[in-house]
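Enquirer: Counting in the numbering used here, the sequence shown runs from 3 upward without gaps.
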Amino acid sequence: GPAYEDVDNRLMSLQLVSQGLTNAVMFTADGETVQAAEVFYKKAILVERGSFRPVTYATNDMLSGASGVFLKQCDYSEDELVVLMEMTLENLLSEGQLNHVDFLARVDILGALGRTVLISKFGEYYRLAAYLARYTNKMIGIVMGVPSLMEIFDEKYYLNLEGGILEALGRMFKSGLKLYVYPMIDENTGKLVTAHTMEVAPNLRSLFQYLIDNRFIEEVTDYNPDYLGIHPPEALAMLQSGDPGWERMVPPEVVQLIKERGFFGYRASAAA
Numbered sequence: 003g004p005a006y007e008d009v010d011n012r013l014m015s016l017q018l019v020s021q022g023l024t025n026a027v028m029f030t031a032d033g034e035t036v037q038a039a040e041v042f043y044k045k046a047i048l049v050e051r052g053s054f055r056p057v058t059y060a061t062n063d064m065l066s067g068a069s070g071v072f073l074k075q076c077d078y079s080e081d082e083l084v085v086l087m088e089m090t091l092e093n094l095l096s097e098g099q100l101n102h103v104d105f106l107a108r109v110d111i112l113g114a115l116g117r118t119v120l121i122s123k124f125g126e127y128y129r130l131a132a133y134l135a136r137y138t139n140k141m142i143g144i145v146m147g148v149p150s151l152m153e154i155f156d157e158k159y160y161l162n163l164e165g166g167i168l169e170a171l172g173r174m175f176k177s178g179l180k181l182y183v184y185p186m187i188d189e190n191t192g193k194l195v196t197a198h199t200m201e202v203a204p205n206l207r208s209l210f211q212y213l214i215d216n217r218f219i220e221e222v223t224d225y226n227p228d229y230l231g232i233h234p235p236e237a238l239a240m241l242q243s244g245d246p247g248w249e250r251m252v253p254p255e256v257v258q259l260i261k262e263r264g265f266f267g268y269r270a271s272a273a274a
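#1: From leucine 115 to threonine 30, what distance separates their C-alpha atoms?
#2: Indicate the three-state DSSP secondary structure (helix, strand or coil) for tyrosine 51 in the structure shown.
#3: Where does proline 185 land, buried or exposed, given buried means 16+ other C-beta within 10 angstroms?
#4: Quick check on the burial criterion: 16 or more other C-beta atoms within 10 angstroms. Buried or exposed for glutamate 80?
#5: I'd like the span of the beta strand (DSSP E) that includes methionine 146, first residue to last.
#6: Apart from the five residues just before and just after methionine 64, which ones in its own chain have a Cβ nearer than 6 angstroms to its Cβ?
#7: Which value, in whole angstroms, describes the spacing of the CA atoms of leucine 91 and glutamine 21?
#8: The alpha helix (DSSP H) spanning isoleucine 214 covers which residue range?
#9: Need the endpoints of the beta strand (DSSP E) that glutamate 88 sits in, please.
#10: Quick check on valine 19: does DSSP put it in helix, strand or coil?
#11: Using the rule of at least 16 other Cβ atoms within 10 Å of the residue's Cβ for burial, across every protein chain shown, is serine 243 buried or exposed?
#12: Quick one: give me the first and last residue of the beta strand (DSSP E) that methionine 28 is part of.
#13: How would you call methionine 137, buried or exposed, if buried means at least 16 neighbouring beta carbons within 10 angstroms?
#14: How is leucine 163 classed by DSSP in three states: helix, strand or coil?
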């Protein structure tokens, strides 16, 4: 009603998750809150998790490389696919606090790129997988970089589960979910690291190989090598310090939005 005209629905949605009243909320590119059951019904789902602070060329390259493979494998048209950009509450906390201005900057940018946004409490990927599988019987894919895959194979994250990493992976992949993994450059050696060449702990190698052999983990092979050196924290530090180099890492529509609205503590370069 009129009393709530000035309230941003996206902030209300964020509060529902942060106060523990719901596990996840979703809104469209124009900021409209939508129900998972409506959006996911009879659709394949592809999700990219991130902080999106800011969205870079690599963010988009990762998604387009994965969606090409995904659509080919499941033989769906683009109309049958829902693409989500997911942020967990953990991604949104800065210095332990939820910063509403920072949150709106991220979702405004994703909205400008036409993305649907999911805000969730699912720190663990297996919980995200279970949530999505509740709403569709079609294929589900999660897009990530090699560093995130390395984290999935770090047993310290599963100490709270009776079955440890085996239980977590069983729960994650039971609905036929696949991971689409974007490569990275090892900064120490300069070599390309892919889902197939990354190292895991010796006691997990057979388990890892099983997932590779059975194609639960897929490599993203269609990527732009120029984007592998782009890291959002580096772009963020540059835009906050007035170094114009960040503009080469970020799509033009995002650059424009950040400059116009002063997002993320943007400082104009001295030369500007």
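Think of the CB as a built atom: it goes at the ideal place given N, C-alpha and C, for glycine as much as any other residue.
Fair warning: this is a prediction, and the values are worked out from it, not measured in the lab.
Expert: On the basis of the data shown:
#1: In the sequence shown, the residue the question calls residue 115 occupies position 113. In the sequence shown, the residue the question calls residue 30 occupies position 28. Roughly 11 angstroms separates the two Cα atoms.
#2: Position 49 of the sequence shown, counted from the first residue, corresponds to residue 51. Looking at the sequence shown, residue 51 is not tyrosine but arginine. The three-state reading of DSSP puts arginine 51 in strand, counting E and B together.
#3: Residue numbering aside, residue 185 sits at position 183 when the sequence shown is read from its first letter. Residue environment: proline 185 is assigned as buried (16 or more neighbouring CB atoms within 10 Å of its CB, all protein chains considered).
#4: By 1-based counting over the sequence shown, the position of residue 80 is 78. When all chains shown are included, glutamate 80 counts as exposed.
#5: Counted from its first residue, the sequence shown places residue 146 at position 144. Segment 142-147, the beta strand (DSSP E) holding methionine 146.
#6: Against the sequence shown, residue 64 aligns to sequence position 62. Within its own chain, the residues whose Cβ lies closer than 6 angstroms to the Cβ of methionine 64, once the five positions on either side in sequence are excluded, are Val145 and Tyr184, listed in chain order.
#7: Along the sequence shown, read from residue 1 onward, the residue named residue 91 stands at position 89. Along the sequence shown, read from residue 1 onward, the residue named residue 21 stands at position 19. Distance between the alpha carbons of leucine 91 and glutamine 21 is about 11 angstroms.
#8: Mapped onto the sequence shown, residue 214 falls at position 212. Start and end: 207-215.
#9: On the sequence shown, residue 88 is found 86 positions in, with the first residue counted as 1. Glutamate 88 -> beta strand (DSSP E) spans 83-90.
#10: For the purposes of this step, residue 19 is taken as the residue at position 17 of the sequence shown. Helix, per DSSP.
#11: As a first step, residue 243 is located in the sequence shown; it is residue number 241 there, counting from the start. Using a 10 angstroms sphere on the CB of serine 243, the tally of other CB atoms stays under 16, which defines it as exposed.
#12: As a working mapping, residue 28 is identified with position 26 in the sequence shown. Per DSSP, methionine 28 belongs to the beta strand (DSSP E) from 26-29.
#13: The count along the sequence shown starts at 1 and reaches residue 137 at position 135. The question names methionine, yet the displayed sequence has tyrosine at residue 137. Buried is the call here.
#14: Stepping through the sequence shown from its first residue, residue 163 is reached at position 161. Coil at leucine 163, not helix or strand.
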